[in-house]
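Novice: The following block contains the structure, expressed as structure tokens.
Residue numbers (my numbering): 70 to 165.
Shown next, in the form of structure tokens:
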């Protein structure tokens with residue numbers, strides 16, 4: 070069953086939010102190669118919701134180490150992070 074993490078992030082400024090959104094778009098797929106799905110949803114000028122879905126709890130745990138490194142690299146740029154995790158009972162991706 071797929072395992073999911075949802076991060077709710079508040080950035081220090083709109084400019085920093087822009088910078089880190091661009092960085093995640095480029096680096097996210099490379100930094101989290103086991104992810105089945107990565108979504109960066111800009112919810113406001115200084116806020117975003119990031120969702121990642123992994124094929125297993127084990128692959129999620131491996132990604133957690135990379136997440137910790139990434140968060141440490143952005144110290145001072147992020148005001149707050151609230152994270153939630155759990156089993157995704159429904160996970161559908163439709164290709165058009």
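All C-beta atoms in this analysis are idealised placements derived from N, C-alpha and C, irrespective of residue type, glycine included.
Quick check: what's the CA-CA separation for residue 150 versus residue 79?
Specialist: Each residue's alpha carbon lies about 7 Å from the other.
Novice: Could you name the residues that DSSP lists as bridge partners for residue 80?
Specialist: Bridge partners of residue 80: 147.
Novice: Throw me the rounded Cβ distance for the residue 101 and residue 71 pair, which I believe falls under 8 Å.
Specialist: Between residue 71 and residue 101 the Cβ distance is about 14 Å, and since that is not below 8 Å, they are no contact.
Novice: Locate the alpha helix (DSSP H) running through residue 133, then write down its first and last residues.
Specialist: 126-142 is the extent of the alpha helix (DSSP H) around residue 133.
Novice: Does the beta-carbon of residue 74 have 16 or more other beta-carbons within 10 angstroms, so that it is buried, or is it exposed?
Specialist: Buried.
Novice: Nearest to residue 114 by CA position, among 128, 90, 141 and 76, is which residue?
Specialist: Of the listed residues, the one whose Cα sits closest to residue 114 is 90.
Novice: Tell me the DSSP secondary structure of residue 116 in three-state form.
Specialist: The answer is strand: DSSP assigns residue 116 an E or B state.
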